[in-house]
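Heads up: the protein sequence lines correspond to chains A and B, in order. Take the first sequence: its letters are residues 1 to 253, numbered as in our numbering. Take the second sequence: its letters are residues 1001 to 1242, numbered as in our numbering. Just so you know, even glycine gets a beta-carbon here, dropped at the ideal spot from N, CA and C. This one's a predicted model, so the numbers in the text were calculated from it and none came from an experiment. Quick notes on the structure that follows.
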Amino acid sequence: MTKLLSRRKLITSGLAATAGASGLAVAVRLAGRYGLIPPDHGGIYGPGETLTYAAHRLLTRHSLAREFSRSQISNPPFANEIAPPGDHFKRLQTDGFKDWRLSVEGLVAQPASLSLDDVKRFPASRQITEIACEEGWSYVAEWVGTPLVDVLRAAGIMPQARYVVYFSIEKAWWESVDMADALHPQTLLAYAMNGGDLPVAFGGPLRLRVPRQLGYKSVKFINRLAVTDSLKPFGKGLGSAAPEGGYAWYAGI
Amino acid sequence: MAESAALPGLAIPGSSISDVPRHSAVVRVTHWVMTLSFVGLLVSGVAILLSHPRLYWGETGAAGAPSLIDLPLPFVLANQNGWGRHLHFLSAWVLVLNGLLYALSGFLTQHFRKNLLPAKSDLTWRSFSQVISRHVRLQRPDAEEARTYNVLQRITYLVVVFGLFPLVIWTGLAMSPAITSVAPVLVTVFGGQQSARTIHFFVSCFLLLFLFVHIGMICLAGFGNRVRSMITGHTALGKEEA
């Protein structure tokens, strides 16, 4: 009797374990297929990052970041510390950034090298949104720029595109977003802020605004975009500079 | 007895002591998982706070803008709190999923109704003052209280389970620009993101206060027996002096 019971128990728990393991395997495969696994999913903190990214992607694909009224604009906005600009940047700055170039590369039909005037030729989009730093502080400002989606569409996005990697003129600073954020109407190549040109202290002449994520995803001094199907070839393959410095790639928190 | 025998260090000596069931398996497992995740959240929360130990009220706030409180802490962890953020969100997932399991089971098994909801007869000033005066005089609980919770405990646990924890999770979500893009009301009810952050901090302080009092009361009631009963599920009556 005990033998029978223990055998039955063995079979049931064996079946349950198999079902659990295969269920998890199926979930992981489905998550991979629907782009719910972030590039920095490894390590002990990986499960937390993966759950957050997957949950946010299922819930927030098309939602719009909160917008504010003009009276809520922070005055003055807080200019976070930036590294002293290099000689190359200073030379460009003396000429009023007329030689600034934004290169559009990777999985696009027509790679391009755009001047600031080329970027400004697209219909302008304006937003009054909040930028929140991972440290805890935040401010509201008005940004004007070209939606990233317009620049990408003009270059012809190839169907296998999954991420857009964007680079600052500061070598150590680069980030990437998935296509949900890259094609999002509020993701802006911002060139103006609070009624004037985007100041250098806030990332001028060109900053990518990603208002549904924390401030460190809004990289300053953008000069290169690369459309890609894989983040493996970039840096250590973790998606951006943030995970290499110990921070999460996805920062919608 | 079977479970305590499996833990020799915690075995109850002698058979004269009556051994009564105290906590269900779900309550015990979720209690310790929650303890672990709460410690993770606390440590990482401090690490995150140390990168900007100022609190604001309203939508925005930054250095140079008026603050509500400048905590007397150094700004020491700028650009090195990545581990804290990772640990905070991982622990938060554990806490939330574990909490859902606990709440679901608590409703299904009627644990909340039977063990946490105070009896109407206990909701009188007389009953309150009795319990409070026993606490003030640091009296050990009697045998009856080893089996069940007194009215003060019941109300405290209900406030923690259905008040403080939901509020700390809610204010945490209210700081997420992606989550509030779906449900702006999560943050607007608090009057802005910085208010949510400030409330998150104070609710965490209340939870920490609860933790201190909780541990203090356990020491007073008999640390060994209380911890053992939360591990094995059984309590030894008459062993409150342990």
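Quiz item: Would B:A1196 count as contacting chain A if we go by Cβ distances under 8 Å?
Solution: Residue contact check for B:A1196 against chain A: no CB pair falls below 8 Å.
Exercise. Could you tell me which chain B residues have their CB closer than 7 Å to the CB of A:H56, listed as they occur along the chain?
Key: Against chain B, the beta carbon of A:H56 has neighbours under 7 Å at A1178, listed in chain order.
Quiz item: Ends of the beta strand (DSSP E) at B:T1198?
Solution: B:T1198 -> not in any beta strand (DSSP E); alpha helix (DSSP H) instead, spanning Q1193 to T1232.
Exercise. Following the continuous alpha helix (DSSP H) through B:W1032, name the residue where it begins and the one where it ends.
Key: For B:W1032, the uninterrupted alpha helix (DSSP H) run begins and ends at A1025 to L1049, by DSSP.
Quiz prompt | Those residues which DSSP pairs with B:R1140 across a bridge | solution = Assignment of beta-bridge partners to B:R1140 by DSSP yields no partner.
Practice problem: Compare the C-alpha of B:A1236 against each of B:R1137, B:R1147 and B:L1158 and name the closest. | Solution: Of B:R1137, B:R1147 and B:L1158, the residue nearest in Cα terms is B:R1147.
Practice problem: Note the first and the last residue of the continuous alpha helix (DSSP H) segment covering B:N1098. | Solution: Its alpha helix (DSSP H) spans residues G1082 to L1108.
Practice problem: Could you tell me how far apart the beta carbons of A:W100 and A:P205 are, in whole angstroms, since I believe they sit closer than 8 Å? | Solution: Between A:P205 and A:W100 the Cβ distance is about 5 Å, and since that is below 8 Å, they are a contact.
Quiz item: Under 8 Å between C-beta atoms, does B:E1145 make it to chain A?
Solution: No, no contact with chain A.
Quiz item: Under 7 Å Cβ-Cβ, which residues of chain A neighbour B:M1175?
Solution: Those within 7 Å of B:M1175 in chain A are I253.
Practice problem: Could you tell me the distance, in whole angstroms, from the CA atom of B:L1036 to the CA atom of B:L1211? | Solution: Taking the straight line joining both Cα atoms gives about 13 Å.
Exercise. Look at A:M280 and A:W143 and say whether their C-beta atoms are less than 8 Å apart.
Key: This structure cannot speak to residue 280 of chain A, because chain A is shown only from 1 to 253.
Quiz item: When DSSP labels each residue in this structure, what does A:A132 get in the three-state scheme?
Solution: Correct three-state label for A:A132: strand.
Quiz prompt | Within chain A, partners of B:P1184 - CB distance below 8 Å | solution = Within chain A, R66 have C-beta atoms less than 8 Å from the C-beta of B:P1184, given in sequence order.
Practice problem: Return the CA-CA distance between B:L1090 and A:P47, expressed in angstroms with no decimal places. | Solution: Straight-line measurement puts the Cα of A:P47 at about 7 Å from the Cα of B:L1090.
Self-check item: Distance between B:S1176 and B:G1191 (C-alpha atoms, nearest Å)
Solution: The alpha-carbon separation between B:G1191 and B:S1176 amounts to approximately 15 Å.
Quiz item: So is B:R1140 in contact with chain A if we call contact Cβ pairs under 8 Å?
Solution: Taking Cβ atoms only, chain A never reaches closer than 8 Å to B:R1140, which makes this a no.
Quiz item: Is B:C1205 near the ligand ATP, in the sense that its beta carbon is under 7 Å from a heavy atom of that ligand?
Solution: Inclusion of the ligand ATP in the displayed structure is not the case, the ligand content being empty and no account of it being possible.
Quiz prompt | Alpha carbon of B:L1138 to alpha carbon of B:G1216, nearest angstrom | solution = Distance between the alpha carbons of B:L1138 and B:G1216: 11 Å.
Quiz item: Within 10 angstroms of its Cβ, does A:W249 collect 16 or more other Cβ (buried), or is it exposed?
Solution: Buried.
Quiz item: With burial defined as no fewer than 16 other Cβ atoms inside 10 Å of the residue's Cβ, what is the status of B:S1229: buried or exposed?
Solution: By the 10 Å Cβ count, B:S1229 comes out buried.
Practice problem: Out of B:R1140, B:F1202 and B:G1172, point me to the one whose CA is closest to B:R1085's CA. | Solution: Ranking the options by Cα distance to B:R1085, first place goes to B:G1172.
Practice problem: Just tell me which of A:K232, A:M179 and A:I253 has its CA closest to the CA of A:L152. | Solution: Measuring from the Cα of A:L152, the nearest candidate turns out to be A:M179.
Quiz item: CB A:P185 to CB A:P147, shorter than 8 Å?
Solution: Taking 8 Å as the Cβ cut-off, A:P185 and A:P147 qualify as a contacting pair.
Practice problem: Tell me whether A:W173 is buried or exposed, calling it buried when 16 or more other Cβ atoms sit within 10 Å of its Cβ. | Solution: Its Cβ being crowded by 16 or more others within 10 Å, A:W173 is buried.
Quiz prompt | Within chain A, partners of B:L1041 - CB distance below 8 Å | solution = By Cβ distance, chain A contributes nothing, its closest Cβ being about 12 Å from B:L1041, past 8 Å.
Practice problem: Using the Cα positions of A:A132 and A:G239, report the straight-line distance between them to the nearest angstrom. | Solution: When rounded, the distance between both Cα atoms is 21 Å.
Quiz item: Mind checking whether A:A79 and A:G145 have CB atoms under 8 Å apart?
Solution: Cβ atoms of A:A79 and A:G145: not closer than 8 Å.
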